[in-house]
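Novice:
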Amino acid sequence: MLRQIHTGGIYNLYPLEGSSQWYWGMDCTGGDLYEGEELFTDGHQVDRTRLIFIHQPDGKVVEPIPSKKGQYFGRPLFYENKIILLVADFPEKQLRILSYDPETEAISTLATLPRSITEDCYNLQLKLSPLMLVRQGQENNLEILWPVQKTYAMDLQESFRCRHGDELYFETWYEDPDYRDEIVIRDFHTGNVLKRLPGILMTTPDGEIWMLD
Numbered sequence: 009m010l011r012q013i014h015t016g017g018i019y020n021l022y023p024l025e026g027s028s029q030w031y032w033g034m035d036c037t038g039g040d041l042y043e044g045e046e047l048f049t050d051g052h053q054v055d056r057t058r059l060i061f062i063h064q065p066d067g068k069v070v071e072p073i074p075s076k077k078g079q080y081f082g083r084p085l086f087y088e089n090k091i092i093l094l095v096a097d098f099p100e101k102q103l104r105i106l107s108y109d110p111e112t113e114a115i116s117t118l119a120t121l122p123r124s125i126t127e128d129c130y131n132l133q134l135k136l137s138p139l140m141l142v143r144q145g146q147e148n149n150l151e152i153l154w155p156v157q158k159t160y161a162m163d164l165q166e167s168f169r170c171r172h173g174d175e176l177y178f179e180t181w182y183e184d185p186d187y188r189d190e191i192v193i194r195d196f197h198t199g200n201v202l203k204r205l206p207g208i209l210m211t212t213p214d215g216e217i218w219m220l221d
């Protein structure tokens, strides 16, 4: 079967994390808000981004939030049957986390945060679970910015993947001298390392996380 889908020039589509039925696409930046802020600050002609979603199998296209000057989108998620959007409004100096219900098309504001809550937008993104706004900066720190504020020191190659209960899951790698991957589990309250396991973490289309060893 061949289906024509009108995306308004957005051609790069990605599976929406947490759902096996939705794809998302953006006209530029790929959801990188650090790049978006640079474009806005520099007065670049790319002064906004568009974010669309396509439902499978019917091919329905939705654009919950219209684009406007100075507004850039982060990478979205699917959580508790809602599409979760991260929106940076740089003229208003605000970060907003919104919930879009595909069934009712209702939009709810989950949080409105000042842009000044974090030093910059480097690796600023939504994570699970529960839903969080985090920043993994160049200082080898993980910052949870919402719904609570916490900061953790990390090793150089560590990359945060998810939270499960009172455990934070990271991936890291080593060359000593042979290459190997490792899963690092830290305590949510203290940041202390609880376990180190060989392997990697893989996210399935419906949002389940597999530990591969």
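Numbering (this note's numbering), first residue to last: 9 to 221. Even for Gly, the Cβ is constructed at its ideal location relative to N, Cα and C. Note that the coordinates shown come from a computational prediction; the quantities given were computed from them, not determined experimentally.
Take the Cβ of Val156 as the centre, count every other Cβ of all protein chains shown within 10 Å, and call the residue buried at 16 or more, exposed below.
Specialist: Classification of Val156: exposed, given that the 10 Å Cβ count is below 16.
Novice: What separation, rounded to the nearest whole angstrom, lies between the Cα atoms of Pro74 and Val95?
Specialist: So the alpha carbons of these two residues sit roughly 11 Å apart.
Novice: Just to confirm the assignment, what range does the beta strand (DSSP E) spanning Glu175 have?
Specialist: That run of the beta strand (DSSP E) goes 175-183.
Novice: Would you identify the three-state DSSP class for Arg83, choosing helix, strand or coil?
Specialist: Arg83 falls in the coil class under three-state DSSP.
Novice: Near Arg171, what residues of its chain come up, given a Cβ to Cβ distance below 8 Å and the 5 sequence neighbours on each side ignored?
Specialist: Answer for Arg171: Lys135, Leu136, Ser137, Pro138, Met140, Tyr177, Phe196, listed in chain order.
Novice: Helix or strand or just coil, what does DSSP make of Phe98?
Specialist: The answer is coil: DSSP assigns Phe98 none of H, G, I, E or B.
Novice: Looking at the unbroken alpha helix (DSSP H) that takes in Thr15, where does it start and where does it end?
Specialist: Segment: none, Thr15 is in no alpha helix (DSSP H) and carries neither H nor E.
Novice: Using a Cβ distance threshold of 8 Å, determine whether the segment 106-114 contacts the segment 50-59, with at least three qualifying pairs required.
Specialist: Cβ pair count under 8 Å is below three, so no.
Novice: Distance check for Glu216 and Glu25, CA to CA, integer angstroms please.
Specialist: Roughly 9 Å between the two C-alpha positions.
Novice: Do the segment 200-218 and the segment 10-26 meet, that is, are 3 or more Cβ pairs less than 8 Å apart?
Specialist: Yes, since at least three Cβ pairs between the segment 200-218 and the segment 10-26 fall closer than 8 Å, the two stretches touch.
Novice: For Glu175, which residues from the same chain have a beta carbon less than 6 Å from its beta carbon, with the 5 sequence-adjacent residues on both sides left out?
Specialist: For Glu175, where only same-chain residues beyond five positions count, the Cβ hits under 6 Å are Ile193.
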